[in-house]
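Visitor: What follows is a structure written as structure tokens; I'll ask about it next.
Number of protein chains: 2
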Amino acid sequence: MTEERYVVGVDFGTLSGRAVVVAVSDGAELGSAVHPYAHAVVDDRLPATGARLAPEWALQVPDDYRDVLRHAVPEAVRAAGVDPADVIGIATDFTACTMVPTTTDGTPLCELEEYADRPHAYVKLWKHHAAQSQADRINRLAEQRGESWLPRYGGLISSEWEFAKGLQLFEEDRDLYDRMDHWVEAADWIVWQLCGRYVRNACTAGYKGILQDGSYPSVDFLEELAPGFGGFVAEKVDHGLDGETGQLGAPAGTLTAEAADWTGLPEGIAVAVGNVDAHVTAPAAQAVESGQMVAIMGTSTCHVMNGDVLREVPGMCGVVDGGIVAGRWGYEAGQSGVGDIFGWFVDTAVPPAYHQAAQAAGESLHEHLTRLAAEQAVGEHGLVALDWHSGNRSVLVDHELSGLVVGQTLATRPEDTYRALLEATAFGTRVIIETFNDSGVPVRELVIAGGLAKNDLLMQIYADVTRLPLSIIDSEQGPALGSAIHAAVAAGAYPDVPTAAKSMGKVRRAVHLPDEERAQSYDELFGLYLELHDHFGRATRLMRRLKGIRRASILGDRAEDAR
Amino acid sequence: MTEERYVVGVDFGTLSGRAVVVAVSDGAELGSAVHPYAHAVVDDRLPATGARLAPEWALQVPDDYRDVLRHAVPEAVRAAGVDPADVIGIATDFTACTMVPTTTDGTPLCELEEYADRPHAYVKLWKHHAAQSQADRINRLAEQRGESWLPRYGGLISSEWEFAKGLQLFEEDRDLYDRMDHWVEAADWIVWQLCGRYVRNACTAGYKGILQDGSYPSVDFLEELAPGFGGFVAEKVDHGLDGETGQLGAPAGTLTAEAADWTGLPEGIAVAVGNVDAHVTAPAAQAVESGQMVAIMGTSTCHVMNGDVLREVPGMCGVVDGGIVAGRWGYEAGQSGVGDIFGWFVDTAVPPAYHQAAQAAGESLHEHLTRLAAEQAVGEHGLVALDWHSGNRSVLVDHELSGLVVGQTLATRPEDTYRALLEATAFGTRVIIETFNDSGVPVRELVIAGGLAKNDLLMQIYADVTRLPLSIIDSEQGPALGSAIHAAVAAGAYPDVPTAAKSMGKVRRAVHLPDEERAQSYDELFGLYLELHDHFGRATRLMRRLKGIRRASILGDRAEDAR
Numbered sequence: 002m003t004e005e006r007y008v009v010g011v012d013f014g015t016l017s018g019r020a021v022v023v024a025v026s027d028g029a030e031l032g033s034a035v036h037p038y039a040h041a042v043v044d045d046r047l048p049a050t051g052a053r054l055a056p057e058w059a060l061q062v063p064d065d066y067r068d069v070l071r072h073a074v075p076e077a078v079r080a081a082g083v084d085p086a087d088v089i090g091i092a093t094d095f096t097a098c099t100m101v102p103t104t105t106d107g108t109p110l111c112e113l114e115e116y117a118d119r120p121h122a123y124v125k126l127w128k129h130h131a132a133q134s135q136a137d138r139i140n141r142l143a144e145q146r147g148e149s150w151l152p153r154y155g156g157l158i159s160s161e162w163e164f165a166k167g168l169q170l171f172e173e174d175r176d177l178y179d180r181m182d183h184w185v186e187a188a189d190w191i192v193w194q195l196c197g198r199y200v201r202n203a204c205t206a207g208y209k210g211i212l213q214d215g216s217y218p219s220v221d222f223l224e225e226l227a228p229g230f231g232g233f234v235a236e237k238v239d240h241g242l243d244g245e246t247g248q249l250g251a252p253a254g255t256l257t258a259e260a261a262d263w264t265g266l267p268e269g270i271a272v273a274v275g276n277v278d279a280h281v282t283a284p285a286a287q288a289v290e291s292g293q294m295v296a297i298m299g300t301s302t303c304h305v306m307n308g309d310v311l312r313e314v315p316g317m318c319g320v321v322d323g324g325i326v327a328g329r330w331g332y333e334a335g336q337s338g339v340g341d342i343f344g345w346f347v348d349t350a351v352p353p354a355y356h357q358a359a360q361a362a363g364e365s366l367h368e369h370l371t372r373l374a375a376e377q378a379v380g381e382h383g384l385v386a387l388d389w390h391s392g393n394r395s396v397l398v399d400h401e402l403s404g405l406v407v408g409q410t411l412a413t414r415p416e417d418t419y420r421a422l423l424e425a426t427a428f429g430t431r432v433i434i435e436t437f438n439d440s441g442v443p444v445r446e447l448v449i450a451g452g453l454a455k456n457d458l459l460m461q462i463y464a465d466v467t468r469l470p471l472s473i474i475d476s477e478q479g480p481a482l483g484s485a486i487h488a489a490v491a492a493g494a495y496p497d498v499p500t501a502a503k504s505m506g507k508v509r510r511a512v513h514l515p516d517e518e519r520a521q522s523y524d525e526l527f528g529l530y531l532e533l534h535d536h537f538g539r540a541t542r543l544m545r546r547l548k549g550i551r552r553a554s555i556l557g558d559r560a561e562d563a564r
Numbered sequence: 002m003t004e005e006r007y008v009v010g011v012d013f014g015t016l017s018g019r020a021v022v023v024a025v026s027d028g029a030e031l032g033s034a035v036h037p038y039a040h041a042v043v044d045d046r047l048p049a050t051g052a053r054l055a056p057e058w059a060l061q062v063p064d065d066y067r068d069v070l071r072h073a074v075p076e077a078v079r080a081a082g083v084d085p086a087d088v089i090g091i092a093t094d095f096t097a098c099t100m101v102p103t104t105t106d107g108t109p110l111c112e113l114e115e116y117a118d119r120p121h122a123y124v125k126l127w128k129h130h131a132a133q134s135q136a137d138r139i140n141r142l143a144e145q146r147g148e149s150w151l152p153r154y155g156g157l158i159s160s161e162w163e164f165a166k167g168l169q170l171f172e173e174d175r176d177l178y179d180r181m182d183h184w185v186e187a188a189d190w191i192v193w194q195l196c197g198r199y200v201r202n203a204c205t206a207g208y209k210g211i212l213q214d215g216s217y218p219s220v221d222f223l224e225e226l227a228p229g230f231g232g233f234v235a236e237k238v239d240h241g242l243d244g245e246t247g248q249l250g251a252p253a254g255t256l257t258a259e260a261a262d263w264t265g266l267p268e269g270i271a272v273a274v275g276n277v278d279a280h281v282t283a284p285a286a287q288a289v290e291s292g293q294m295v296a297i298m299g300t301s302t303c304h305v306m307n308g309d310v311l312r313e314v315p316g317m318c319g320v321v322d323g324g325i326v327a328g329r330w331g332y333e334a335g336q337s338g339v340g341d342i343f344g345w346f347v348d349t350a351v352p353p354a355y356h357q358a359a360q361a362a363g364e365s366l367h368e369h370l371t372r373l374a375a376e377q378a379v380g381e382h383g384l385v386a387l388d389w390h391s392g393n394r395s396v397l398v399d400h401e402l403s404g405l406v407v408g409q410t411l412a413t414r415p416e417d418t419y420r421a422l423l424e425a426t427a428f429g430t431r432v433i434i435e436t437f438n439d440s441g442v443p444v445r446e447l448v449i450a451g452g453l454a455k456n457d458l459l460m461q462i463y464a465d466v467t468r469l470p471l472s473i474i475d476s477e478q479g480p481a482l483g484s485a486i487h488a489a490v491a492a493g494a495y496p497d498v499p500t501a502a503k504s505m506g507k508v509r510r511a512v513h514l515p516d517e518e519r520a521q522s523y524d525e526l527f528g529l530y531l532e533l534h535d536h537f538g539r540a541t542r543l544m545r546r547l548k549g550i551r552r553a554s555i556l557g558d559r560a561e562d563a564r
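So the protein sequences, as listed, match chains A and B. For my numbering, add 1 to where a residue sits in the first sequence, where the first one is 1. For my numbering, add 1 to where a residue sits in the second sequence, where the first one is 1.
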């Protein structure tokens with residue numbers, strides 16, 4: 002009889018980190034703990050000086066991440082009631098693209114006293130959106146020059162990614178840029194803290210760092226982008242690494258004495274290569290085969306799927322060799338707004354009588370509207386909506402798009418519009434799936450993770466609209482479980498991630514099956530959605546002009562106020 | 002010194018009648034009284050039998066109208082404190098097209114005992130919408146045959162009008178149809194009750210009765226429409242009249258002893274030819290010259306305007322010789338939904354915090370949203386809406402159209418959408434005005450009557466959007482005042498309605514003037530509205546398909562329930 006061994010997965014989110022202790026044999030989640038970041042998201046004033054940050058900035062303080070190792074990991078081990086000596090590995094996943102500027106030994110520049118008052122010395126969180134003009138220039142030039150990497154990102158790279166954020170640093174604080182030795186993904190920085198080695202993971206290097214076929218954007222390209230920026234790759238991104246990346250599930254090194262002290266785990270256990278929260282959820286949901294699309298549905302939705310072949314899918318976020326699982330092509334797509342659209346509707350567009358009825362029934366307003374919406378047949382509300390309140394990521398990649406509802410009459414009720422918004426996000430998912438299908442990367446199964454998986458009506462709508470069987474991850478902490486799986490592989494308990502996922506991942510298969518009659522009704526509504534999608538997304542610039550008018554109006558207003 | 006004389010105007014609305022006593026010299030409104038109809042709108046069960054009516058039916062009981070003469074008129078005289086002997090005339094206006102089937106002497110068929118249980122024996126109120134299939138057939142055949150009268154109605158006649166309602170009676174209760182001697186507009190029936198003479202007024206005969214250039218639709222046309230219906234004009238509509246109509250402002254006769262007894266007014270005073278509530282408002286607002294468009298803005302908006310020339314304006318409700326003022330071409334257009342769209346939004350789409358804030362500020366929710374909406378600059382909300390929640394009357398004449406809002410983001414607030422809906426109705430008015438301008442019937446001034454005139458923000462938006470000076474009627478009871486003006490003319494106190502309107506009508510001129518800067522901003526938004534208008538109103542059938550899907554879905558649901 003073998004003695005059970007354990008691994009620790011740590012999921013670094015936007016506001017806190019969560020550690021979970023998992024049994025290596027079957028993935029049983031034995032204990033977990035959450036530790037919030039003391040500084041949360043720094044988007045108003047710099048903590049060290051109180052100085053105001055510009056709009057669109059979003060920073061973090063890196064020692065908050067170490068605090069998760071110091072507190073959440075030992076707490077989770079205590080909660081699990083396991084002997085720390087039986088823990089054989091640790092792995093982490095992170096938000097991305099979240100960037101740390103460091104010295105040669107990995108010290109964040111903000112931890113050097115002389116730079117504590119410099120905003121650019123801090124961690125730039127994924128949702129730091131102040132590098133849009135840099136991203137625009139990168140995209141324009143890449144398109145002009147026909148850079149081969151551009152189609153790997155559906156034709157556009159994001160302002161959130163390594164090169165846009167790096168160029169902003171170069172242009173806005175040259176002194177600090179010159180002082181920086183490494184421009185490090187937080188996903189890799191935390192691993193560096195654990196094992197003392199800097200290993201760049203294949204996932205973020207590919208999706209966020211524009212590493213394709215072993216190459217980064219050329220010196221030539223970068224120098225044309227901004228004179229002096231030509232050395233960015235050699236001197237900052239790839240400095241000391243020679244293009245090497247660590248494959249997901251491989252060990253990056255072993256736990257240092259210092260990190261063992263923080264975590265209470267044994268020195269020398271395996272530390273896995275870093276990972277990203279969305280991507281690591283795929284093995285947690287046993288969805289690592291080609292054609293198994295994982296949709297992590299929360300305020301927004303991220304779609305990840307492995308494929309056997311490399312295809313250029315229009316409007317995807319990216320395709321990366323080994324980006325989800327080593328040895329396979331990892332595809333990523335996304336919907337900018339999903340749960341946050343439902344939340345916005347519930348917060349701003351539901352009258353008092355519904356609040357009272359929900360309260361009387363002991364339901365949340367979401368539950369109440371969902372129950373009312375579930376009573377109607379497909380198409381009964383007479384509405385179609387576009388789910389673009391936060392723009393459209395895939396497949397249109399256009400953040401100047403906006404929301405739309407059509408079909409309202411004086412008989413339209415809140416539950417009608419609510420249901421139309423649920424359906425709009427399902428139609429948005431179907432557009433993504435059909436684009437993958439049409440590009441030669443067929444989707445066979447939809448696996449749902451994230452908080453919205455609990456809404457049965459929403460799930461049934463997704464099954465009916467996509468005509469796919471819907472599986473649901475069977476864990477409340479998908480990313481942390483996914484990290485634990487990587488820890489087990491890095492520790493040698495399994496030969497590879499797919500094998501480990503089979504034993505440790507958890508999914509309820511085909512929980513929601515498409516109903517053919519409803520699916521046919523939805524085909525008709527989806528046809529109308531597609532008509533609106535193509536009209537407003539491609540044929541007319543009306544939504545873009547509306548945003549332009551809005552910006553000009555607000556600027557004019559401010560100028561007026563200033564006079 | 003001349004002694005003051007008085008006239009009485011009586012406005013028959015949908016739920017009640019209002020009498021007002023007015024000084025002949027200056028139009029001063031000295032006293033008024035309202036009397037509600039005992040049976041209100043009969044749209045559920047027939048009072049005599051309790052039998053259920055079919056959907057879309059809307060009947061009234063004619064003696065309820067006489068009750069207004071019996072109660073509201075004497076009360077108004079008492080309230081005015083004038084001597085009834087100084088009253089020299091009475092005039093009435095009515096909802097239209099509201100139809101009464103009568104015997105030779107004007108007795109409504111429902112007042113004959115043997116017909117009291119027959120729904121078709123009652124008054125068909127303007128909003129009786131159960132003759133849509135008859136209207137569709139009339140329109141199809143008229144278009145096929147190229148009937149010359151069709152363009153006078155913008156290309157379509159309505160299910161509300163005399164011929165559609167008459168054909169429904171013919172097809173659904175032939176026995177009653179055969180018994181009927183006259184098919185009478187309530188506007189004329191009430192005059193018949195007052196003076197004992199049946200005079201068909203030029204306004205409803207033209208707008209609702211398809212009387213154009215002295216002719217009705219031909220026997221040939223009617224016989225092809227429905228065999229046996231060929232005699233409809235000669236035997237029912239025009240029976241005993243030989244194509245004669247009474248001009249507006251002319252006397253129809255004098256007050257009978259019986260009506261003098263009801264009203265307390267002197268026997269033998271002038272009774273004016275009947276009129277319609279919207280049209281009679283034009284002289285009340287001193288807006289009888291060519292180019293003065295009167296918009297009566299309530300739940301919906303009716304536009305009436307005189308023109309010197311006959312033009313075919315696409316999508317207008319109608320153009321009638323002497324339809325508003327004798328001797329001029331009267332044009333009518335309309336917007337199906339205005340105030341009722343704002344009401345629907347306030348009732349169904351505003352969250353509790355706004356209700357509380359309105360209450361705390363001592364405002365209605367409309368006032369609260371209006372105040373918040375007024376704080377923003379043009380275009381700041383980033384939205385455009387289509388005001389088609391009840392379909393579009395002018396200029397698209399399509400009740401399969403529906404509402405639309407585009408531009409919503411997670412930052413969109415209730416006051417933003419509210420303002421966008423206000424603006425949408427202003428854009429709708431601008432489309433109508435531009436269509437008149439483009440058709441050679443230029444609009445120079447916009448004169449607002451009706452309940453919405455009180456909303457200053459809405460009025461300013463209309464001025465800015467249309468670039469027209471906005472005048473506002475200076476009376477709370479425009480139609481009744483307009484009737485009083487007609488009474489004064491019928492009594493010979495003035496030579497004609499325009500002259501009487503100059504002394505007795507009341508308007509505040511140019512209360513809201515367009516602001517050129519805002520007007521320019523609105524030009525841009527109006528461009529986007531027009532793009533949506535033409536796309537959804539003309540280029541695509543998407544809204545029509547949505548309504549079809551909705552109908553099929555509800556029918557399928559009912560079939561499901563029945564199984």
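Just so it is clear, CB atoms sit at the ideal spot from N, CA and C, and this is done for glycine as well.
1. If you draw a straight line from the alpha carbon of Q336 (chain B) to that of W127 (chain A), how long is it in whole angstroms?
2. Buried or exposed: P56 (chain B), going by 16 or more other Cβ atoms within 10 Å of its Cβ?
3. Hey, how far is the Cα of S504 (chain A) from the Cα of S26 (chain A)?
4. Taking any Cβ of chain B, which residues in the segment 347 to 359 of chain A have a Cβ under 8 Å from it, in chain order?
5. Exposed or buried, what is G493 (chain A) when buried is set at 16 or more other beta-carbons lying within 10 Å of its beta-carbon?
6. How would you write the range of the beta strand (DSSP E) that D322 (chain B) sits in, first residue to last?
7. Over what stretch of residues does the alpha helix (DSSP H) that includes C204 (chain B) continue unbroken?
8. Measure from the C-beta of T410 (chain A) to each C-beta in chain B and report whether the shortest distance is under 7 Å.
9. Which residues, in order along the segment 414 to 433 of chain B, keep a beta-carbon less than 9 Å from a beta-carbon of chain A?
10. Please compile the residues from chain A whose C-beta is within a distance smaller than 9 Å of the C-beta of H130 (chain B).
11. Could you check the C-alpha separation between E29 (chain A) and A49 (chain A) for me, to the nearest Å?
12. What three-state label does DSSP hand M2 (chain B) in the structure shown?
13. Note down, in chain order, every chain D residue with its Cβ under 8 Å from the Cβ of E532 (chain A).
14. Which two residues bound the contiguous beta strand (DSSP E) that contains T134 (chain B)?
15. What first and last residue would you give for the beta strand (DSSP E) that runs through R19 (chain B)?
16. Counting only beta-carbon separations shorter than 7 Å, does R19 (chain B) have a partner in chain A?
17. By DSSP, does A92 (chain B) sit in helix, in strand, or in coil?
18. Please report the distance separating the alpha-carbon of R445 (chain A) from that of Q461 (chain B).
19. Could you give the first and the last residue of the continuous beta strand (DSSP E) run that contains V508 (chain B)?
20. State the Cα-Cα distance for the pair V396 (chain B) and A81 (chain B), rounded to the nearest angstrom.
21. Could you tell me the alpha carbon to alpha carbon distance between A260 (chain B) and D118 (chain B), rounded to whole angstroms?
Guide: Reading from the atomic positions:
1. Taking the second sequence and counting its residues from 1, one reaches residue 336 (chain B) at position 335. Taking the first sequence and counting its residues from 1, one reaches residue 127 (chain A) at position 126. Their backbone Cα atoms lie some 49 Å apart in a straight line.
2. Within the second sequence, numbered from 1, the residue matching residue 56 (chain B) stands at position 55. It is exposed - the Cβ of P56 (chain B) has fewer than 16 other Cβ atoms within 10 Å.
3. Here residue 504 (chain A) is taken as the residue at index 503 of the first sequence, counted from 1. Here residue 26 (chain A) is taken as the residue at index 25 of the first sequence, counted from 1. Looking at the two C-alpha atoms, the distance is approximately 7 Å.
4. D348, T349, A350, V351, P352, P353 and H356
5. Start at 1 with the first residue of the first sequence, and residue 493 (chain A) comes out as number 492. That one is exposed.
6. To locate residue 322 (chain B), count along the second sequence from 1; it is residue 321. Here the beta strand (DSSP E) through D322 (chain B) covers G319 to D322.
7. Your numbering for residue 204 (chain B) matches position 203 in the second sequence. From DSSP, the alpha helix (DSSP H) with C204 (chain B) extends over A203 to Y208.
8. Position 409 of the first sequence, counted from the first residue, corresponds to residue 410 (chain A). Yes, T410 (chain A) lies at the interface with chain B (some Cβ there is under 7 Å from its Cβ).
9. R414, P415 and T418
10. Your numbering for residue 130 (chain B) matches position 129 in the second sequence. Under the 9 Å cutoff, chain A gives no residues; its nearest Cβ is about 14 Å from H130 (chain B).
11. If you number the first sequence from 1, residue 29 (chain A) lands on position 28. If you number the first sequence from 1, residue 49 (chain A) lands on position 48. With the sequence shown as reference, residue 29 (chain A) is identified as Ala, and Glu is not the correct amino acid for it. Taking the straight line from one Cα to the other gives about 42 Å.
12. Within the second sequence, numbered from 1, the residue matching residue 2 (chain B) stands at position 1. With a pLDDT of 41 at M2 (chain B), under the threshold of 50, the modelled position of this residue cannot be trusted; read the value that follows with caution. Reduced to three states, the DSSP call for M2 (chain B) is coil.
13. The structure shown contains no chain D; the protein chains it does contain are A and B.
14. Against the second sequence, residue 134 (chain B) aligns to sequence position 133. The question names Thr, but residue 134 (chain B) is Ser in the sequence shown. Taken as a continuous stretch (DSSP letters only), S134 (chain B) belongs to no beta strand (DSSP E), being part of the alpha helix (DSSP H) at Q133 to R146.
15. As a working note, residue 19 (chain B) is residue 18 in the second sequence. That run of the beta strand (DSSP E) goes S17 to A24.
16. The residue given as residue 19 (chain B) occupies position 18 in the second sequence. So no, R19 (chain B) is outside the interface.
17. For the purposes of this step, residue 92 (chain B) is taken as residue 91 along the second sequence, with counting starting at 1. Here A92 (chain B) sits in strand by DSSP.
18. Here residue 445 (chain A) is taken as the residue at index 444 of the first sequence, counted from 1. Here residue 461 (chain B) is taken as the residue at index 460 of the second sequence, counted from 1. If I take the Cα positions, the gap works out to 57 Å.
19. Here residue 508 (chain B) corresponds to residue number 507 of the second sequence, with the count starting at 1. V508 (chain B) -> beta strand (DSSP E) spans V508 to H513.
20. The count along the second sequence starts at 1 and reaches residue 396 (chain B) at position 395. The count along the second sequence starts at 1 and reaches residue 81 (chain B) at position 80. For V396 (chain B) and A81 (chain B), the distance between alpha carbons rounds to 43 Å.
21. Mapped onto the second sequence, residue 260 (chain B) falls at position 259. Mapped onto the second sequence, residue 118 (chain B) falls at position 117. Computed Cα separation, rounded: 28 Å.
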